[in-house]
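Single-structure report; data block below.
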Amino acid sequence: MKKPIGIFDSGIGGLTVLKEILNAMPGEDTIYLGDTARVPYGAKSAETVTRYSLENARFLLKFDIKLLVVACNTASAYCLPRLKQELPIPVIGVIEPGARKAVEVTKTKRVGVIGTEGTIRSGAYFDAIKAINPAIAVFIKPCPLFVPLAEEGWTNNQIARLTAQTYLHYIKKQWIDTLILGCTHYPLFKGVISDIMGEDVMLIDSGHETAAEVFKCLMDKNLLETVSSGQNTHRFFVTDSPERFKQVGSKFMTANLDAVELVNVGS
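In my numbering, the protein residues as written are 564 to 830.
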């Protein structure tokens, strides 16, 4: 029996990770949960985010998933060890893959990180980068308005551009050569961010790196579906506003979002 990969995020941002997973592993089935009733996670306490994440994981376990991707930086920052400890399957977050890639590509050893207030407050990226190479200078900036803008589909208009200019002003002055998009919603602003930061700054989208880690994990455990039948199943669940999720998500996802199901995952 073919088992799916489970993925959760606070909203649509995790679709950027799902897209990379489907590109890298076209033979896999997936179950995606967007906790849209409780988005954003970034301003909430570690205890609350941990509770939400455990509820999300338990919901996805009902589908007999073979691996869980925590496609939310805030959840990865606050409760990845807890999820790994409590779940009977492999659990992969999005922070360490992005941090490793940034350390690999930076030439000046000056790396910027933008993320939600929760992710930045946790120090997870700072710690992950310093653990790999203590010599790297890390400059961080919370960008809390990006998530609600993305959930509205406002990722490439004047409001998005002015917001990005305000947030990135500090980071731009630090002469970084690498910028981690430390929230899975942020790749939706990649065009705007790239315009502001300039072509000399490499943008790190942790979705691509996370997909590579998922591939390696499934390969190592002999769980990878190496052949695509063309009949793969991709199911989408949300905890609120399925129509908005469908409308915004379909702008950048090639998978069919027609059948988005509304669920309650709270205890």
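By construction, the Cβ of each residue, glycine as well, lies at the ideal position given by its N, Cα and C atoms.
Contact belief for residue i with residue j at Cβ below 8 Å, rounded distance in angstroms
i, j, result
"A662", "Y688", "6 Å"
"P660", "E591", "That belief does not hold up - the Cβ atoms of P660 and E591 are roughly 18 Å apart, past 8 Å."
Spatial neighbours of residue i in its chain, beta-carbon cut-off 7 Å, leaving aside the 5 residues before and after
i, result
"V823", "F799, V801, P805, F808, K809"
"Y749", "I677, F709"
"A698", "K672"
"I692", "A662, A665, V666, V674, I699, V701"
C-alpha gap between residue i and residue j, whole angstroms
i, j, result
"C635", "L596", "11 Å"
"I759", "P651", "43 Å"
"A600", "A700", "37 Å"
"K735", "T741", "11 Å"
"F752", "G605", "17 Å"
"H797", "T593", "5 Å"
"I767", "T789", "27 Å"
"E667", "G686", "20 Å"
"N619", "V777", "19 Å"
"I658", "N827", "27 Å"
"T637", "A665", "18 Å"
"G576", "E610", "21 Å"
Contacting residues, own chain, Cβ-Cβ under 6 Å from residue i (five flanking each side not counted)
i, result
"P705", "E680, I683"
"K647", "V654"
Buried/exposed call for residue i, threshold 16 Cβ in 10 Å
i, result
"S791", "exposed"
"S769", "buried"
"K779", "exposed"
"S573", "buried"
"P644", "exposed"
"Y615", "buried"
"M564", "exposed"
Other residues of its chain near residue i: CB distance less than 8 Å, five sequence neighbours each side excluded
i, result
"A774", "V580, E583, I584, N586, A587, M588"
"S820", "Checking the sequence, you will find Leu at residue 820 rather than Ser. F799, F808, K809, G812, S813."
"I703", "G675, V676, I677, G678, I683, Y688, F689"
"V755", "T718, N719, A723, R724, A727"
Quiz item: Per the contact definition of three or more C-beta pairs closer than 8 Å, is the stretch 620 to 635 in contact with the stretch 568 to 586?
Solution: Because the criterion of three Cβ pairs below 8 Å is met, the stretch 568 to 586 and the stretch 620 to 635 touch.
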